[in-house]
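Q:
Numbering (full-length UniProt numbering), first residue to last: 1 to 1125.
1) Is it true that the CB of residue 222 sits closer than 7 Å to the CB of residue 66?
2) Does the Cβ of residue 971 have 16 or more other Cβ atoms within 10 Å, making it buried, or fewer, making it exposed?
3) Are there three or more Cβ pairs, one per stretch, closer than 8 Å when the stretch 402-420 is compared with the stretch 352-361?
4) Would you decide whether residue 775 is buried or exposed? Buried here means 16 or more other CB atoms lie within 10 Å of its CB.
5) Applying the criterion that 16 or more other CB atoms from any shown protein chain within 10 Å of the CB defines a buried residue, is residue 745 buried or exposed?
6) Less than 7 Å between the beta carbons of residue 455 and residue 492, yes or no?
7) What residues in its chain sit with their C-beta under 8 Å from that of residue 740, if we drop five residues either side in the sequence?
8) Would you kindly report the start and end of the unbroken beta strand (DSSP E) that includes residue 1084?
9) Taking contact to mean at least 3 C-beta pairs separated by less than 8 Å, is the stretch 597-608 in contact with the stretch 641-660?
10) In whole angstroms, what separates the C-alpha of residue 1126 from that of residue 1088?
11) Looking at C-alpha atoms only, which residue of 768, 676, 580 is the closest neighbour of residue 691?
12) By a C-beta neighbour count over all protein chains shown, 10 Å radius and 16 as the cutoff for buried, is residue 1061 buried or exposed?
13) In three-state terms, what does DSSP make of residue 681?
14) Looking at the structure shown, is residue 964 part of a helix, part of a strand, or coil, going by DSSP?
15) Nearest to residue 1117 by CA position, among 582, 672, 1081, is which residue?
16) List the residues that DSSP assigns as beta-bridge partners of residue 765.
17) According to DSSP, residue 1113 sits in a beta bridge with which residue or residues?
18) Quick one: what does DSSP say residue 882 is sitting in, helix, strand or coil?
19) One question on the structure: do residue 869 and residue 1065 come within less than 7 Å of each other, judged by their Cβ atoms?
20) Using DSSP bridges, identify the partner residues of residue 152.
21) Once the 5 residues before and after residue 175 are set aside, which same chain residues still bring their CB inside 8 Å of it?
22) Around the Cβ of residue 96, are there at least 16 other Cβ atoms within 10 angstroms (buried) or fewer (exposed)?
23) Using a Cβ-Cβ cut-off of 7 Å (strictly less than) and excluding sequence neighbours within five positions of residue 317, which residues of its own chain qualify?
24) For residue 509, does the count of other Cβ atoms within 10 angstroms reach 16, so buried, or fall short, so exposed?
25) Residue 915: buried (16+ other C-beta within 10 angstroms of its C-beta) or exposed?
26) Beta-carbon within less than 8 Å of residue 275's beta-carbon, same chain only, minus the 5 sequence neighbours each way: which residues are those?
27) Can you give me the start and stop residues for the beta strand (DSSP E) that residue 553 sits inside?
28) Should residue 854 and residue 961 be called a contact, given that it needs their Cβ atoms to be closer than 7 Å?
29) Starting from residue 625, trace the beta strand (DSSP E) in both directions and tell me its first and last residue.
30) Just to confirm my understanding: we take residue 244, look at its own chain, exclude 5 residues before and 5 after, and list those with CB closer than 8 Å. What are they?
31) So residue 591 packs on residue 551, CB below 8 Å; how close in whole Å?
32) What separation, rounded to the nearest whole angstrom, lies between the Cα atoms of residue 891 and residue 877?
33) Taking the alpha carbon of residue 442 as the point to measure from, which residue in 1114, 315, 490 has its own alpha carbon closest?
34) In angstroms, rounded to a whole number, what distance separates the CA positions of residue 1110 and residue 1119?
35) Go ahead and label residue 144 buried or exposed: buried means 16 or more other beta carbons lie within 10 angstroms of its beta carbon, across all protein chains shown.
36) Checking 7 Å against the spacing of the C-beta atoms, do residue 1145 and residue 475 come in under that value?
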């Protein structure tokens, strides 16, 4: 559960200490941040220096003041740092364990003596939270600077990546020293003008830091910059590596290490830092630095870390698996083919994947453990020596080994691997080899630089890439272009006579030595009908019809609107209209379509735009997408495919040329092109508000008819259809096979491919992949019917394999259907009963109305139900304001029965009003508000409302104006009816059975008064108390059994539908429904928070597009599988 959601709970959940603490009555729920999100202050412990060897002692002894005496001692560096940005929002100090106070007091006292802390009176405040140390006795002070980090600008990252630091170690290094600066952050002074922003409170004293604290997000970058400044002027500075406050000295000889150690210690002392002697590893052949063991042989995984991983049990859930992969992933550089080995485990982390630990996962789990235990030491890279690269590939991933000649043989420097995408898995072996080469060079660019590379491969991938031709295969032209850029200006030699491999995966994919075949003249990708024109080089506009286009999408009163605009240069003719809101890019594609529909098809045309996406989509990406059936590289449908296909077909039908030109938008210096583009932009913004009567629809001239396509497809020329079918790999595979399940595939005399179901005479056109989504949209738009009816319309004329799944996918992304179709889920979310401990402890309240106004002016009734006894009260009122609610509760309910412990209600304005909440706070009553629009949260009072209204309908006359007079009779009937706990509410609440107009002795078991024994007042009271006590105990026991049985039954029948943060959904928000035919669902939106399996927070947009958030029950959410707008 995210820490931000803790505020919605009624307990303190302390994650760092794994403690749940009860919340005091009347206090706001608290949130305690995890320890990794806050800064930690150590306790006061003395530091005992280790025993150095004589040569080290001789050097260290020269600098006795550079070592800290205890864990809280810190140095003082010259200069100050600023903390920029506005003041953070002050945070209240929440409660913390009292046993930690003594440790905190001691730590704060020492820091105040050193000038690190001082008292202050500040408008800012951040909470502290102690974290128990591993010894279980002492505590570490932490400060949660979350609010400060939200407003303070983040510095540019200056701390190098871990891998870059480790691989920067000199290849000849044999002696190492590691120094850890003591309290390095506290050694750096904060500007006095900004110190107040760091304030916190301890025991009613407000303190602040005069030094740089942990927990401030810029602290690591500030500290790292200050530490690295010390080595800039040193001649041997290149042999010193630092990562924030961790310093490594790596030299070839022991003498060099001692000499450089003396210089470093002197520099640290002069700067003002201190060193932690206990953590120092000085002049050793083997050290541990940043979790990696460094030695003469190179770098290897830390032995203690590996042993810990080897003892880990099999993960039992996603959390444990993610932790295991995090531990092993840290050392993935040491494991050849890590991504390929771990793939079965990573598959379990995907969304909506059921946890299923099988033999494949167990094998991967054990292989990773074994691989880390047997991981070789990796060599440090040598300057001036060519790198050797071996790339490998399987059906699911690629792997690479980077190595160098060490003089005594070849040694690995690093291993790398990754999983192939769905598109990449379809590449040929030669294409995968080329992909692996480019990926490996990019991945290790920080190591290789521009050094020469010897590629060990049986393929010739460089020749393949530089051929620049991809007429067959799966590699797109843009990808080939990117590969070419990566290889540009690199010295790469191919050594096909591969020596013994450093990687066993080579046996799976290398193959025999060969020349990778260059693409042959086979089926070609569709050629784009567009040409690009450089506007800076345009000399004349003769014979060119020039248009500028633009699209706009923005929010008006919280609702998205979109429009397109176009203007012709020659005469200023304007085209504009509204578009279904998706994005500005989609609107601009529509603008281009409108221009192509308007322009003379025989004249050449120039269309100016400012969208880089639209330009590249039409020029570069559409040929690739068409070849894939309008799917992206990840196998997902192309966004705006309908618009793009329409523009493509319009341009193909033109005899004149179609030029596209790119102009930079919103330029300060206006040119002829930018002014024309600005006019189109203005038209698009105006058009977005025009209304539905100006909605752009795709021209009928390119629609695929659903009735007369058997012999001669109207709107789709035979030659075009044949070309599309020929370029479609799936269709060609069907032709070669001759059948697919119960369909026979035939090809007529014109080369058109048809499918004929066995035992039927009707032939269906095998539709090309690139046109299928368009056909589905056309069929579905005629009524927005479901899967079966949409399929029925399509299968009148067309067919393709697995069409049902593709139709369902498109229908799932139809926003109109999602917003208006009812939610057909049977599962409605988990249901649990809240336990109740006694009478009048928890009550539920709600208003009935407006009802017919009575002669006494009553229009509403405030209903109050006791959750324990089921006792019902209903008070007629003239209105349902917050003031009336408070008056009735005080004068009627509370004056008779006392104060309840908890009030449950919905989020009506009469309950969330300031006066209502002030009443509950003043009287110490906890008022719980339920999810809006979810009446099940107050099921008891909702059922009582229904019972009361049903009974009143039967008792009142036609006018209904005397319901307030009949209401007491209805309440009497409810109170005297046996409830689910086996007693009447009257009996449990008042301790005796109610007299009702019945035959007493027969129906109720109560004899007439003249037959009842006479009791004294004292005896009556004692008997009454005994009876009430016994009755309430029986009720409590029965309620407990009822709740247990009901929860079990509901738990078996209604399993919760859980969502994840980031899921796209529609929400049912009743206050936005304007009339009976309003859309049932609003959205789509994204889930941003989760407070349990049934309560979620989503991001919505208010007026002017400002982001807001609201909480909803899971039953008020509905899955959306399309794109967000």
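Idealized CB from N, CA, C, for every residue including glycine.
A: This is what the structure holds:
1) At the C-beta level, residue 66 and residue 222 stay beyond 7 Å of one another.
2) buried
3) no
4) buried
5) Classification of residue 745: buried, given that the 10 Å Cβ count is 16 or more.
6) Yes, the pair counts as a contact, with Cβ atoms nearer than the cut-off.
7) 734, 755, 801
8) Counting along the chain, the beta strand (DSSP E) containing residue 1084 begins and ends at 1082-1090.
9) yes
10) The requested residue 1126 is not part of the displayed model; the chain covers only 1 to 1125.
11) 580
12) exposed
13) helix
14) helix
15) 1081
16) 754, 798
17) 1095
18) helix
19) no
20) The partner list for residue 152 (beta bridge, DSSP) is empty, contrary to what the question assumes.
21) Cβ within range, chain order: 250, 251, 252, 253, 254, 256, 257, 283, 284, 285.
22) buried
23) 355
24) With a pLDDT of 43 at residue 509, under the threshold of 50, the modelled position of this residue cannot be trusted; read the value that follows with caution. Flag for residue 509 reads buried.
25) exposed
26) 66, 67, 68, 179, 180, 181, 182, 265, 268
27) 544-556
28) yes
29) Unbroken run through residue 625 is the alpha helix (DSSP H), 622-627; no beta strand (DSSP E).
30) 159, 184, 220, 223, 224, 227
31) 6 Å
32) 13 Å
33) 490
34) 17 Å
35) Burial call: buried.
36) Any answer about residue 1145 is impossible in this case: the structure gives the chain only from 1 up to 1125.
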